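Data block below; observations after.
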Amino acid sequence: MHFHESREHRALRTALRGLEKQFSGFGTAQFDYSGLQTHMVKVLSMDLEEPNNMPKFFTACLASLLLDPDQKYDQKKRSAYLEFNSTSEIHRRPIDCARNTIAYLASYVLSNEMGSETETYATSWSSISSLGDRPFEDLDEYSYPEFGVTKAIEVKDRSYPHVKAMIYNNLDGTDGQLLRGEIIMVLRIIHAQARRARLLEHTIVPVLLFSFMGPQHARIIEAYFDGSSLVMRPTRLFDLREKDQALIKSFGQWWLGGLTGQTKVPVHLRS
Numbered sequence: 001m002h003f004h005e006s007r008e009h010r011a012l013r014t015a016l017r018g019l020e021k022q023f024s025g026f027g028t029a030q031f032d033y034s035g036l037q038t039h040m041v042k043v044l045s046m047d048l049e050e051p052n053n054m055p056k057f058f059t060a061c062l063a064s065l066l067l068d069p070d071q072k073y074d075q076k077k078r079s080a081y082l083e084f085n086s087t088s089e090i091h092r093r094p095i096d097c098a099r100n101t102i103a104y105l106a107s108y109v110l111s112n113e114m115g116s117e118t119e120t121y122a123t124s125w126s127s128i129s130s131l132g133d134r135p136f137e138d139l140d141e142y143s144y145p146e147f148g149v150t151k152a153i154e155v156k157d158r159s160y161p162h163v164k165a166m167i168y169n170n171l172d173g174t175d176g177q178l179l180r181g182e183i184i185m186v187l188r189i190i191h192a193q194a195r196r197a198r199l200l201e202h203t204i205v206p207v208l209l210f211s212f213m214g215p216q217h218a219r220i221i222e223a224y225f226d227g228s229s230l231v232m233r234p235t236r237l238f239d240l241r242e243k244d245q246a247l248i249k250s251f252g253q254w255w256l257g258g259l260t261g262q263t264k265v266p267v268h269l270r271s
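Residue numbers for the sequence shown follow full-length UniProt numbering, beginning at 1 and rising by one.
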């Protein structure tokens, strides 16, 4: 099948390359929200509990469908949540705590994916097994402050560009600032999807980023390029130094949830 790349789609790829080159060249590791507008990054708020301020391109599955990540769950699954104060000091680097928390969440969503009640949601997504290979090469950065993707999923039938990813950063997070790693990871993921011929009709590539950092914190960021700027919609930072069952379940809802939103340019507007 022949795919035609529109002028709008070419402009998207050009803008993404320029932004990635710009942020890759910065020595700054954290950016105030207010200063990012000058770099073609628009930061807008997002709240997982506010109906009018939730993600625009993703939906959450019902909490009632998911397992409760309580003590009984941990015992049955032989799983253990590593709390910050119970971890030895030599293993409290941001990257260690981020990876530990990701490991627990990844195990939790896998346990739910295997349940019959969430089968509809789980079978809508598939793991991106080609992380590290084209078009998803060079996602990770190994020089300090390190960042990278540990898990990513895409729509199973590959007809939509939406991606969800769990990432780690070897830095402490601060509300009101985005990490350079978060911005670069989003740009690289969007660009990777935009390079796929089967997705050339889509000029918006939505990414739902589950971002983990130090001391042991996390947030969810919805990101996409709107034609003129990279839009980043972060939640507030959540403190996970102690196990928060409700928050873990909420993250599971958004990981296993569905997709929504218009990502194509209407036919009559294409050039």
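Where is the CB? At the ideal position from N, CA and C, for every residue including glycine.
Remember, it's a predicted structure, so these values are computed and weren't measured experimentally.
Residue i, enclosing alpha helix (DSSP H) - first and last residue
i: Q30; result: First-last for Q30: Q30 to D32, but that is the beta strand (DSSP E), not the alpha helix (DSSP H).
i: Q245; result: Q245 to L256
i: Q262; result: That residue, Q262, is in no alpha helix (DSSP H); it is neither H nor E in DSSP.
i: A106; result: P94 to E113
i: K76; result: Q71 to K77
i: G18; result: R7 to S24
For residue i, the residue or residues it bridges with in DSSP
i: P51; result: None; P51 has no bridge partner.
i: residue 356; result: There is simply no residue 356 to check, as the chain begins at 1 and stops at 271 in what is shown.
i: S126; result: E154
i: E141; result: F147
i: G214; result: D172
Contact under 8 Å by Cβ, residue i with residue j
i: L67; j: Y73; result: yes
i: F147; j: N170; result: yes
i: E182; j: I153; result: no
i: T263; j: Y142; result: no
i: A29; j: R180; result: yes
i: W255; j: V109; result: yes
i: L44; j: L178; result: no
CA nearest to the CA of residue i, picked from the options
i: Q71; options: S64, L65, A80 and E137; result: A80
i: G257; options: L48, S34, Q30 and R7; result: L48
i: G214; options: L200, P145, I190 and L16; result: P145
i: L187; options: F251, A15 and T260; result: A15
i: G252; options: R99, T174 and L62; result: L62
i: I184; options: V231, A11, H4 and L19; result: L19
Residue range of the beta strand (DSSP E) that includes residue i
i: L171; result: V163 to D172
i: Q177; result: Q177 to L179
i: K42; result: V41 to V43
Touching or not, the segment 42-58 and the segment 238-246, by the rule of three or more beta carbon pairs under 8 Å?
-> no
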